[in-house]
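In what follows, a single structure is set out as structure tokens and then discussed.
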Amino acid sequence: MIISLYKPLGVSTHSFIKAYSDKIGEKATHTGSLDPMAEGVVVVLTGEDRFKKEKVGDVDKEYEFEILAGVQTDSWDLLGIVEKVAVLDGLKVDKVVESALPTFTGQIEQKIPRFSAKRIDGESYFDKAKRGESWAQATQKVTVKSLELVSSRIVTRDELMGVIKLKVSKVQGNFRQEEIIDRWQKVLEGFDGAEMTVLKVSAVTSKRTYVRGLVRDMSRKLNLPMTAFSIKRVRDGDFCLNNILRD
1 MIISLYKPLG VSTHSFIKAY SDKIGEKATH TGSLDPMAEG VVVVLTGEDR
51 FKKEKVGDVD KEYEFEILAG VQTDSWDLLG IVEKVAVLDG LKVDKVVESA
101 LPTFTGQIEQ KIPRFSAKRI DGESYFDKAK RGESWAQATQ KVTVKSLELV
151 SSRIVTRDEL MGVIKLKVSK VQGNFRQEEI IDRWQKVLEG FDGAEMTVLK
201 VSAVTSKRTY VRGLVRDMSR KLNLPMTAFS IKRVRDGDFC LNNILRD
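Position 144 (the sequence shown) corresponds to 144 in UniProt numbering; numbering is contiguous.
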């Protein structure tokens, strides 16, 4: 059987699929992970269809994601320790980002984020990064077929802190949650600006593309602190939000 499920924010794809497998009493796999802080369409294969994983997964993925401008974390999403903050008053961030988006399309050699489920020497990148270790991060060729700025909005410090606490509190497992919330709290309390900009972007990519990796590369190229505020996969091949099963 091949179906699509909606992975909620807060759970790893591995744990999500295992729970579904236990529920139906049958082995299951999936065609592409989503970060704990991401949500959306996950294609699930059970029974003999598990062996079609590579073929079924070799399709375009579509995402809607938001970028928080003015803050950079070590994981490039909200589930990270804040490393850099900048007041961007007077800078039309939406125009700057929109004009740069075409430069991030096409085939690229993307470095896998330090905080990810990718494994090396028997453990995840995340575990090594959490200990502060350095290593040669693997890269992989991916294709970004389109990037489009959808909208922009303003969030206040209080609104932002509320979202961070809500989202981080939903994350299952040991992901430095207390340290992350404490750092965000201290940074935002001392932040000179009253508001920050959130940009919504739509993207169509090949398999294995990291949205956090795109945000990281944009941030570095534009020399602007940015981090992923939200990530939602809205389509995986022919599977989309309209024909999904919400487990």
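By construction, the Cβ of each residue, glycine as well, lies at the ideal position given by its N, Cα and C atoms.
Item: How big is the Cα-Cα spacing for T143 and V198?; Value: 25 Å
Item: With H, G and I counted as helix, E and B as strand and the rest as coil, what does DSSP make of E179?; Value: helix
Item: Return yes when the Cβ of R235 is within less than 8 Å of the Cβ of V41, no when it is not.; Value: yes
Item: At 4 residues or longer, what runs of the alpha helix (DSSP H) sit wholly inside the segment 70-152?; Value: 93-100 and 125-130
Item: If you follow the beta strand (DSSP E) that R208 is in, where does it begin and where does it stop?; Value: Counting along the chain, R208 falls outside any beta strand (DSSP E), and DSSP gives it neither H nor E.
Item: Using only CA atoms, which one of K23, V187, R176 and A38 lies nearest to V11?; Value: A38
Item: Between the segment 238-247 and the segment 81-91, do at least 3 Cβ pairs fall closer than 8 Å?; Value: no
Item: So, helix, strand or coil for L9, using DSSP?; Value: coil
Item: For F51, count neighbouring Cβ atoms within 10 angstroms of its own Cβ and tell me buried if that reaches 16, exposed if not.; Value: exposed
Item: Where S151 and E64 are concerned, what is the direct C-alpha to C-alpha distance, given to the nearest angstrom?; Value: 11 Å
Item: Taking the C-alpha atoms as reference points, what is the distance between V155 and K200?; Value: 13 Å
Item: Count the CB pairs spanning the segment 165-172 and the segment 72-83 that are closer than 8 Å, and state whether there are at least three.; Value: yes
Item: Which of the three DSSP states, helix, strand or coil, is assigned to D236?; Value: strand
Item: Less than 8 Å between the C-beta atoms of M226 and L68, yes or no?; Value: yes
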